[in-house]
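One structure is given here, and the rest of the page talks about it.
Chains as they are written, first to last, in our numbering: chain H, 15 to 358; chain L, 15 to 358; chain C, 15 to 358.
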């Protein structure tokens, strides 16, 4: 990270400096409530407006003029988008000291690691793997046989991509994630025990996908478990065999999706959601945190609760339950009156 | 995978060819709704009957005669069991290019790796480990001191089996799983902070067990955390210290079982179930997805909900809650009438 | 583990031998219900008193005199604390056969591994890492650039500590855990897809912290995701970016905490809890298993349910719902009576 002046940053953002010295030097990026002198921050969420008057930041990025204790105010169209650009500009250099292909990596002679690959220490690349140009594999990864990566994929340390996994370009996979583990498929035998169903398929991941840490994506029985382009998964997510997730979905941590479920495009999941097997969730649906989805979901609806219902209905039922103890009292009183009458 | 004719497959299944050319060659296995020309599939689930008339599959395996667009119809007793046999027959060859014991593996001289072991690159086997004949350890695994495996175990890449773990024969453990981490045991000290309770026990896994990816099985305080023969665990499951799971259980993803709980034989768990500590779940119980089990469970019952109740009761209460807003309206009307009367 | 006599153990505990031969030799430690001859156990929990009369243990540790089949009874102030000392005394020796810094570890020349480090086989330590004296890194770990550990940390096999992670002293991190993965931060672009927000911050872990297996702790956008001194995390826990957890907290397995949430000191979480983002949970709160926390939580309160409410209220509403089917019957009868009247 080099130092930049307020002028340089304002220009980079295509913004307008409303106040402050354009020659001041920015020393860091931070959140408005914890900024130190010299820091640049942004303010867009109403929850944080109260910090405007006390922040120690040198500069604040906003999308409308504000009163603030910060010396510099930079006006932009979209403050969060501008903040993203500042984060990119001031990203600390923490690149690995191990560059190129580390000699301790074990790469099968039949594997093609593309141009400009960076492969960390003690990473394994098995036979017939094909890496597009510019891929980075962190230390300690295992790529099983016939794994295919597109260009510019970034696979963080200790990721496991198992045999036959196919990944598009510009994909990021975080540490500890396992792609291509066997699906959970068994058939009872005559003794009541379970025989394993061979999982002959693979996992096919699109481009511009990001998968968080310690996720598990199971291979299909036949065909592919699919994750569409631009879909983003948080940490500790379970995707079972033959699940098909569309484009541009957004799935928060610890969600689990059971086998053969199909998810459309632009679907959003809160954390700890559970989705049953053989279900269809259509485009643009939103599933609130901790919901349990037990049947098909229409396009664009917002569900919550377990079993998941339209969110307004969940709220209505929740409000009704909250009133239930009083209602029960009232019913008892009414009943006492009635019993009084019938007791005549 | 070699090519097989319809006749060869029908014979292999002990089935009967109801229609189609026995000399047609099968090129792949797939699901009925996504089959390509040349594929073989099965149809047994009523949800998928509608695809029979349009499938592009060459052949469909069924347990009763059907009308279908597929050229060949193979009749068998159990269509899913037959499909399993076809999957085994046509399993693609994706074996590792690293055979035998890879020279990069670090094996302590005191370890006994048995006959015909296959040990992947960069796997560690610590002192006094004993492997039965025919074990496969994928790349990047760590076996701590005194880990014992029976015969023909298949340990996928990046698995961690910690000190003293004992595993039976024919066990499969998927990538990222940790067996033998310390149980979560602390005792408050005088300052209100927590002192660690040493976890002196181990984990003992039976035979024919399969454990999914990124699970965690904690070692016991004393004695063993136990997983019985033929039990199958899906991904991301937590088994706490001193849990004892019986034979032939079936546990879906993201379930968590708290310390010292005992689970009988043939118990089935849906996904994301939570079970409290020091609980007994008896043989054959079924716990629906997302349930929270807070007390002992009788043999053979089916529970759901949080707190978990007999499933029929959960359904009855759920239906009652769904009617609650209307009931509240009715009570208000009744009460208005009463008030009208008493206001006389 | 060496052998100790009852006298030696009683002295070590500062206890009093109420009965039995002080020269008897203890051969193992176990739970009262599964003890073998020669074992020592404790009994403090009322659930286990029934085993006192039948236990095969040689000795039982108690905090008040009891009748028991065990030959020796050792009286102490706090039986569980005493049992902890016995576990420490009789801990089996299962240390790794790989001592010092294993030659297969890949350590960047710029890294400082401190004095008396033990670094397992095939572990990677990247540039500018600094380890305090006496740290143990198990096999297969990856420490990214500029990771800092205090003294006497114990990092179990296959842990991933990513760039810039800072850890205090006397910290234990269990296998498979990932510290410093990117937070889940995106901003929609004009096409409705999501652009990644750079995650420039790090994770800062205090001293005397223990983190279970296969957890994920995300790095901050700016600043640090923080885990305070003496806090203990169980397995498979998700801590999102910019979460701040105080001192002495206690978090059970599979809990997830969303971004920018602040948790005070001495907060306790049951398993599978979900906490929303940008929430404040104050000191000493207790959150029951499977709760969903959706708003700020006052000091010292106990919450349960989803959405989480004060525990007594959750119980009251649960009891009311359990009575609902009967209440509905009653309302129907009342209404039938009313209709009868109005039908006159």
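The beta carbon of each residue, even a glycine, is placed where N, CA and C say it ideally should be.
Best match in the options for proximity to residue i [C-alpha to C-alpha]
i, options, result
"residue 75 of chain H", "H:107, H:259, H:36 and H:29", "H:29"
"residue 44 of chain H", "H:235, H:98, H:333 and H:168", "H:98"
"residue 35 of chain H", "H:84, H:46, H:64 and H:56", "H:84"
"residue 172 of chain L", "H:192, H:253 and H:66", "H:192"
"residue 123 of chain C", "C:144, C:212, C:180 and C:255", "C:144"
"residue 27 of chain H", "H:199, H:103 and H:63", "H:103"
"residue 170 of chain C", "L:264, L:157 and L:164", "L:157"
"residue 105 of chain C", "L:322, L:270, L:351 and L:212", "L:212"
"residue 240 of chain L", "L:268, L:221, L:174 and L:226", "L:221"
"residue 210 of chain C", "H:42, H:262 and H:335", "H:262"
"residue 126 of chain L", "L:164, L:345, L:315 and L:91", "L:164"
Beta-carbon neighbours of residue i, restricted to chain C and to distances below 7 Å
i, result
"residue 95 of chain H", "201"
"residue 211 of chain L", "98 and 101"
"residue 124 of chain L", "111"
Under 9 Å by beta carbon: chain H residues contacting residue i
i, result
"residue 250 of chain L", "228, 229, 230, 250, 251, 252, 268 and 270"
"residue 132 of chain L", "Within chain H, no residue comes near residue 132 of chain L; the closest Cβ sits about 13 Å away, beyond 9 Å."
Contact under 7 Å by Cβ, residue i with residue j
i, j, result
"residue 57 of chain L", "residue 73 of chain L", "no"
"residue 230 of chain L", "residue 228 of chain C", "yes"
"residue 25 of chain C", "residue 39 of chain C", "no"
"residue 155 of chain C", "residue 179 of chain C", "no"
"residue 135 of chain L", "residue 109 of chain L", "no"
"residue 78 of chain L", "residue 288 of chain H", "no"
"residue 290 of chain H", "residue 269 of chain H", "no"
"residue 348 of chain C", "residue 348 of chain L", "yes"
"residue 10 of chain H", "residue 41 of chain H", "This structure does not reach residue 10 of chain H, given that chain H is present from 15 up to 358, and the question cannot be answered."
"residue 219 of chain H", "residue 181 of chain H", "yes"
CA-to-CA distance, residue j to residue i, given in whole angstroms
i, j, result
"residue 447 of chain L", "residue 20 of chain L", "Since the first residue shown for chain L is 15 and the last is 358, residue 447 of chain L is missing from the structure and cannot be characterised."
"residue 285 of chain L", "residue 232 of chain C", "25 Å"
"residue 23 of chain H", "residue 95 of chain H", "13 Å"
"residue 32 of chain C", "residue 59 of chain C", "20 Å"
"residue 255 of chain C", "residue 81 of chain C", "54 Å"
"residue 354 of chain C", "residue 340 of chain C", "Reliability of the predicted coordinates at residue 354 of chain C is poor, the pLDDT of 43 falling under 50, and the value obtained from them is presented with this limitation in mind. Using only the alpha carbons, I get a separation of about 21 Å."
"residue 247 of chain H", "residue 277 of chain H", "13 Å"
"residue 244 of chain H", "residue 183 of chain H", "11 Å"
"residue 205 of chain H", "residue 301 of chain L", "22 Å"
"residue 272 of chain H", "residue 226 of chain L", "14 Å"
"residue 234 of chain H", "residue 215 of chain H", "4 Å"
"residue 65 of chain H", "residue 323 of chain C", "29 Å"
"residue 50 of chain L", "residue 69 of chain L", "8 Å"
"residue 130 of chain C", "residue 120 of chain H", "30 Å"
"residue 47 of chain H", "residue 55 of chain H", "9 Å"
"residue 357 of chain C", "residue 326 of chain H", "Legend: pLDDT at residue 357 of chain C = 38, less than 50; position of this residue unreliable, no value from coordinates given."
"residue 166 of chain C", "residue 292 of chain L", "34 Å"
"residue 351 of chain C", "residue 297 of chain L", "48 Å"
The beta strand (DSSP E) enclosing residue i, as first and last residue numbers
i, result
"residue 56 of chain C", "53–56"
"residue 176 of chain H", "From DSSP, residue 176 of chain H is part of no beta strand (DSSP E); its letter is neither H nor E."
"residue 75 of chain C", "73–76"
"residue 101 of chain C", "Counting along the chain, residue 101 of chain C falls outside any beta strand (DSSP E), though it belongs to the alpha helix (DSSP H) covering 93–103."
"residue 241 of chain C", "238–241"
"residue 30 of chain L", "30–33"
"residue 216 of chain H", "216–219"
"residue 317 of chain H", "316–318"
"residue 209 of chain C", "208–210"
"residue 63 of chain H", "First-last for residue 63 of chain H: undefined, no H or E at that position."
Range of the contiguous alpha helix (DSSP H) that encloses residue i
i, result
"residue 22 of chain C", "20–27"
Contact list for residue i against chain L, beta-carbon separation under 7 Å
i, result
"residue 43 of chain C", "214 and 236"
"residue 377 of chain C", "Here chain C comprises residues numbered 15 to 358, so residue 377 of chain C is not present and cannot be evaluated."
"residue 106 of chain C", "214"
"residue 244 of chain C", "207 and 208"
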